[in-house]
Amino acid sequence: MLIENVVEPILIDENVYFDVETYEKCIRFAERWFYKLFPYQKFRYAFAFMYRKDNQDIVTFPEQLDIMARGNGKDGYLMPLACFLLTPMYGVKNYNIDIVAMAETQALDSFNVVYDMLESNAEAMKKLFYWNKTVIIGKQTKSKLRFNTTNARTKDGKKTGMVIINELHAYENYDQINVFTSGLGKVKHARTWVISTNGNVRGGPFDEKIDNSTSILNGEHNHLGIFPFINRIRLDEEPLIHEPMKKYWETHDEADVDITPWCKANPSLRYMPVLKHQVIQDYKKMTKQSSYKLEFYSKRMNFTLNDEEVAVTSWENIRRASYSDVDLKIPRTHDELRGKNAVVGIDLATFNDFVSAGFLFKENDEYVWKSKTWVCKRSKFFAGIKFDFGSIGSNGFTDFEIIDEDYIDENDVVKWITDGMKEYNVLKIVSDSHRFPMLKKSFNEYGFDVESRDNSFGLLRMIRLNTSVYNILGPMIERLFAEGKINIGDSAMMRWSINNTALTRNKNGDITFEKIEPKLRKNDTFMAFVHAMQAHELLEQQTITVYI
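Encoded structure:
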């Protein structure tokens, strides 16, 4: 698809100029001072030297995207090119290059590829460059290579020629990236270059970039000028992950491992015997250690393993629960809910972390969920939580509140529910047993009783045996997601929460809902939905309240 829908159209475009001379200089420079480039790396370099013929200050591909599995030398292949762009052979003055990463060690690793080469060839290189451990400067062009972390509040206004974004998958939003890309356009040949593996953060810039790239690879017009070099094993190709090892299990000879399928995610694999050996070792580790499967699939195969085998449902199903048109991101709608029957679900672990509550409705064959989540800003985990809190108030980010207090007041949660009860006919309020006494006290002040054997009409229901409940609800919720019968609307919080939840079986065969990562990937909003679903049978008969 890359050749057919991206490369070939460029080759016949009369308004594209390929600077062959500078490209060949770059290859010679890289191989003279760094190392021999693999064939696919030379192929990639070519698309850095294509420009609009009618204005050669503008590159044909202002967005370069390299997605490949761990160990393939993303830094090592790109940094010789970055170094070349500082030289008079490229010839653009003040062509500053910023390396951006979430962690300083990631950005520094890229920077050090060039720094170490200069140190090793100091006598020759000092004619072209000045360098220290924080910046490399081309003496004639005054172009600078710098490394940055995303803690970059003072970086606005930079005159940047190229931004290298290392490990895009780690970002929840574009806020920190935009600090650097906003400096593009002041120098000719403006471009961004993303180098990344897959990751476990869903719904962020990485997924958006993959979605846009997939559309281009499928033939959509490339308005954004993206060159999408995506090396991965797709969801429909999972058997390829296991294909190379079939003969090995008979002979136990690594020579019998046919790595061809793995090369879809690892373009350097056929040239790097040490990497091949390590991937084989990691595969064997995965077969013995099930907890390593997510790591192997996502990092070694660039395979998005967040569907039935890890998360409670696939990311595609989660998006279908939000959008009537996934590609256009048109939110799902529902009929007027005022006066309709509803069940309330509540989930909380501690009042100094997250609390979630929501109203569950049954409309025709689908379940509609409207929720709110309270987030304690003073939680010791808040700074590290992997969610885009900064987008609060924008589309998809309106159903949570950040509380700048030591704890979340349970009375605020109860009031939100009772305010909703003025619009909806609430049949039951369901919570698990954790912290139930505190909620009970607040609800009692509104005159609500607890359901019991002697009082089946009590509005408050406490789930006493979660395992037995989950054994029933787990398969049901899986099926509803698969059939597209859950409607959560445009809620980034709910999408994130669902994707943070694994449906697993314990040693007794019982189903449980577990957090995929206990501290930083919260699932309270989804668990509130699960608790509400415990009383879903009450929604089968609708009672319509007429407001006069």
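Read in order, the letters of the sequence shown correspond to residues 146 to 693 in the working numbering. Where is the CB? At the ideal position from N, CA and C, for every residue including glycine.
Handout entry: For Ala456 and His579, the rounded distance between their alpha carbons
Key = Position 434 of the sequence shown, counting from 1, holds the residue named residue 579. Position 311 of the sequence shown, counting from 1, holds the residue named residue 456. Looking at the backbone, the Cα of His579 and that of Ala456 are separated by about 24 angstroms.
Problem - Extent of the continuous alpha helix (DSSP H) run through Asp557 - result: Position 412 of the sequence shown, counted from the first residue, corresponds to residue 557. Segment 555–565, the alpha helix (DSSP H) holding Asp557.
Exercise for the section: Please list, in chain order, all residues of the same chain as Val161 whose beta carbon is under 8 angstroms from its beta carbon, the five residues on each side excluded. Expected result: As a first step, residue 161 must be located in the sequence shown, where it is residue number 16. The beta carbon of Val161 sits closer than 8 angstroms to the beta carbons of Ile155, Met195, Tyr196, Arg197, Lys198, Thr205 from its chain, once the five residues preceding and following it are set aside; these are given in chain order.
Exercise for the section: Return yes when at least one heavy atom of the ligand FAD lies under 6 angstroms from the C-beta of Arg598, else no. Expected result: Although the ligand FAD was asked about, the structure shown includes no ligands whatsoever.
Exercise for the section: Following the continuous beta strand (DSSP E) through Tyr468, name the residue where it begins and the one where it ends. Expected result: Here the question's residue 468 lines up with position 323 in the sequence shown. Run containing Tyr468: 468–470, per the beta strand (DSSP E) assignment.
Practice task
Along the alpha helix (DSSP H) that carries Leu362, what are the first and last residues, could you check?
Solution key: What you label residue 362 is simply residue 217 of the sequence shown in a count that begins at 1. Taken as a continuous stretch (DSSP letters only), the alpha helix (DSSP H) holding Leu362 covers 350–362.
Practice task
From the DSSP output, in three-state form, read off Gln201 for me.
Solution key: In the sequence shown, counting from the first residue as 1, residue 201 sits at position 56. In the structure shown, Gln201 falls within a strand segment according to DSSP collapsed to helix, strand and coil.
Handout entry: Inter-residue spacing [alpha-carbon to alpha-carbon] between Leu683 and Lys586
Key = To locate residue 683, count along the sequence shown from 1; it is residue 538. To locate residue 586, count along the sequence shown from 1; it is residue 441. If I take the Cα positions, the gap works out to 25 angstroms.
Handout entry: Contact between the stretch 595–607 and the stretch 467–487 (3+ Cβ pairs under 8 angstroms)
Key = No: fewer than three Cβ pairs fall under 8 angstroms.
Exercise for the section: Give the DSSP bridge partners of Ala246, in chain order. Expected result: Start at 1 with the first residue of the sequence shown, and residue 246 comes out as number 101. DSSP lists Thr294 as partners of Ala246.
Practice task
From the DSSP output, in three-state form, read off Asn462 for me.
Solution key: Within the sequence shown, residue 462 is the residue found at index 317, counting from 1. Looking at Asn462 - three-state DSSP - the assignment turns out to be helix.
Exercise for the section: Using a threshold of 7 angstroms, state whether the C-beta atoms of Tyr235 and Val332 are closer than that. Expected result: Indexing the sequence shown from 1 puts residue 235 at position 90. Indexing the sequence shown from 1 puts residue 332 at position 187. Going by C-beta atoms, Tyr235 is not nearer than 7 angstroms to Val332.
Problem - Own chain partners of Phe671 with C-beta closer than 6 angstroms, once the 5 adjacent residues on each side are dropped - result: As a working note, residue 671 is residue 526 in the sequence shown. Contacts found: Ser642, Ile643, Thr646.
Exercise for the section: From the DSSP output, read off the bridge partner residues of Gln209. Expected result: By one-based count along the sequence shown, residue 209 stands at place 64. DSSP lists Trp338, Phe372 as partners of Gln209.
Practice task
Return the CA-CA distance between Glu153 and Lys438, expressed in angstroms with no decimal places.
Solution key: On the sequence shown, residue 153 is found 8 positions in, with the first residue counted as 1. On the sequence shown, residue 438 is found 293 positions in, with the first residue counted as 1. The alpha-carbon atoms of Glu153 and Lys438 are separated by roughly 38 angstroms.
Handout entry: Val520 in three-state terms, based on DSSP
Key = Translated into positions along the sequence shown, residue 520 becomes position 375. DSSP places Val520 in strand when its eight states are reduced to three.
Practice task
Output yes if chain D places a C-beta closer than 7 angstroms to the C-beta of Asn589; else output no.
Solution key: The chain labelled as chain D is not found in the depicted structure, where only one protein chain is given.
Exercise for the section: With a threshold of 16 other CB atoms inside 10 Å of the CB of Tyr428, please say whether the residue is buried or exposed. Expected result: Against the sequence shown, residue 428 aligns to sequence position 283. For Tyr428, the number of other beta carbons within 10 angstroms of its own is at least 16, and it is reported as buried.
Problem - Rounded C-alpha distance that separates Gln423 from Asp472 - result: Taking the first residue of the sequence shown as 1, we reach residue 423 at position 278. Taking the first residue of the sequence shown as 1, we reach residue 472 at position 327. The C-alpha of Asp472 is placed about 38 angstroms away from the C-alpha of Gln423.
Problem - Same chain, Cβ closer than 7 angstroms to Ser536, five either side skipped, listed in chain order - result: Mapped onto the sequence shown, residue 536 falls at position 391. The residues are Asn318, Phe542.
Problem - Cβ-based burial, Ser539 [other Cβ within 10 Å; buried from 16] - result: Within the sequence shown, residue 539 is the residue found at index 394, counting from 1. That one is exposed.
Handout entry: Val595 in three-state terms, based on DSSP
Key = For this step, residue 595 is matched to residue 450 along the sequence shown. In the structure shown, Val595 sits in a strand (DSSP, three-state: E or B).
Exercise for the section: Just tell me which of Thr396, Ile386, Glu395 has its CA closest to the CA of Ile404. Expected result: Along the sequence shown, read from residue 1 onward, the residue named residue 404 stands at position 259. Among Thr396, Ile386, Glu395, the Cα nearest to that of Ile404 is on Ile386.
Practice task
Could you tell me whether the Cβ atoms of Ile631 and Ala466 are closer together than 7 angstroms?
Solution key: As a first step, residue 631 is located in the sequence shown; it is residue number 486 there, counting from the start. As a first step, residue 466 is located in the sequence shown; it is residue number 321 there, counting from the start. The beta carbons of Ile631 and Ala466 sit closer together than 7 angstroms.
Handout entry: Residue environment, Gly592, which counts as buried when at least 16 other CB atoms sit within 10 Å
Key = For the purposes of this step, residue 592 is taken as the residue at position 447 of the sequence shown. Counting Cβ neighbours within 10 Å, Gly592 comes out exposed, since fewer than 16 surround it.
Problem - Beta carbon of Tyr190 nearer than 7 angstroms to that of Leu231 - result: In the sequence shown, residue 190 corresponds to position 45, counting from 1. In the sequence shown, residue 231 corresponds to position 86, counting from 1. No; because the gap between Cβ atoms is not below 7 angstroms, this pair is not in contact.
Handout entry: Whole-angstrom distance between Gly344 and Ile242, CA atom to CA atom
Key = Taking the first residue of the sequence shown as position 1, residue 242 is located at position 97. Taking the first residue of the sequence shown as position 1, residue 344 is located at position 199. As the crow flies, the alpha-carbon of Ile242 is around 25 angstroms from that of Gly344.
Exercise for the section: State the DSSP-derived secondary structure class of Tyr512, mapped to helix, strand or coil. Expected result: One-based indexing of the sequence shown puts residue 512 at position 367. Strand, per DSSP.
Problem - Phe499 versus Met307: straight-line alpha-carbon distance, rounded - result: Counting from 1 along the sequence shown, the entry for residue 499 is found at position 354. Counting from 1 along the sequence shown, the entry for residue 307 is found at position 162. When rounded, the distance between both Cα atoms is 40 angstroms.
Practice task
Using beta-carbon positions only, say whether Leu665 and Lys531 come within less than 7 angstroms of one another.
Solution key: As a position in the sequence shown, residue 665 is number 520, starting the count at 1. As a position in the sequence shown, residue 531 is number 386, starting the count at 1. Yes, Cβ-Cβ distance for Leu665 and Lys531 is below 7 angstroms.
Exercise for the section: Just tell me which of Lys271, Asn293, His334 has its CA closest to the CA of Phe325. Expected result: For the purposes of this step, residue 325 is taken as the residue at position 180 of the sequence shown. Nearest C-alpha to Phe325: Asn293.
Practice task
Report the partner residues of Glu546 according to the DSSP bridge assignment.
Solution key: Position 401 of the sequence shown holds residue 546. Paired residue(s): Trp519.
Practice task
Along the alpha helix (DSSP H) that carries Leu226, what are the first and last residues, could you check?
Solution key: Start at 1 with the first residue of the sequence shown, and residue 226 comes out as number 81. Run containing Leu226: 219–229, per the alpha helix (DSSP H) assignment.
Practice task
Have a look at the DSSP bridge pairing and note the partners of Tyr319.
Solution key: The residue given as residue 319 occupies position 174 in the sequence shown. As computed with DSSP, Tyr319 is found in no beta bridge at all.
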